[in-house]
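See below for the structure under consideration.
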Amino acid sequence: MWHSSETRQQRLGRESERVAAQFLIAQGYAIEAVNVRVPGGELDLVAREGRTLCFVEVRSTSSDRWGGPLATIDEGKRRRIIRAARWHLARRREPPPEIRFDVIAITWRELDPPAVELIRGAFDAPGYF
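In numbering that gives the first Met the number 0, the protein residues as written are 0 to 128.
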């Protein structure tokens, strides 16, 4: 359901996160959390694939122009995601599991279903964990 105060981009983002979660479930992931807000950032999806805890960034666009959704994840965005993941892990009561940073890239098409691409281990966090 859309909230009347949402912008088109906010609606697209929310719908993209819904599509991404469904896609991950179909791939065997278990969704642990959605839209985890932490100081200085947000984690779109936190999911498990087997024993691996995955922090999943969802990126979407309505075209492949400008390099598509993946081109929007620059070094600054990666640092914010890593900081948010560290904050999230620090609040868990269990020891840190094996972790991975995945990205789901969604390209919305006018007449066709969205194109969904999962990139496992899209980036690393050397020296952070």
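Backbone N, C-alpha and C fix where the C-beta goes; we use that ideal spot for every residue, glycine too.
Please read these numbers as outputs of a predicted model, since none were measured by experiment.
Would you check if the distance between the CB atom of residue i and the CB atom of residue j is smaller than 8 angstroms?
i: Glu-16; j: Val-57; result: yes
i: Thr-106; j: Thr-60; result: yes
i: Ala-89; j: Leu-42; result: no
i: Ile-103; j: Ala-19; result: yes
i: Gly-40; j: Ile-80; result: yes
i: Thr-44; j: Val-55; result: In the sequence on display, residue 44 carries Leu and not Thr. Cβ atoms of Leu-44 and Val-55: closer than 8 angstroms.
i: His-87; j: Val-35; result: yes
i: Pro-96; j: Arg-50; result: yes
i: Gly-75; j: Glu-48; result: no
Quick check on the DSSP output: the alpha helix (DSSP H) that includes residue i runs from which residue to which?
i: Gly-12; result: 7 to 25
i: Ile-80; result: 74 to 89
Using the Cβ count rule (16 or more neighbours within 10 Å means buried), how would you classify residue i?
i: Glu-114; result: Before going on, a small fix: residue 114 reads as Ala here, not Glu. That one is exposed.
i: Asp-101; result: buried
i: Ala-29; result: exposed
i: Ala-121; result: buried
i: Ala-46; result: buried
i: Leu-52; result: buried
i: Leu-23; result: buried
Residue range of the beta strand (DSSP E) that residue i falls in?
i: Glu-31; result: 29 to 37
i: Arg-47; result: 40 to 48
i: Leu-117; result: 114 to 122
Based on the DSSP secondary-structure assignment, which residues constitute the bridge partners of residue i?
i: Gly-101; result: According to the sequence displayed, residue 101 carries Asp and not Gly. For Asp-101, which the question treats as bridged, DSSP gives the partners Val-55.
i: Thr-60; result: Thr-106
Assuming residue i and residue j are in contact, meaning their beta carbons sit under 8 angstroms apart, how far apart are those beta carbons, in whole angstroms?
i: Arg-85; j: Tyr-127; result: 6 angstroms
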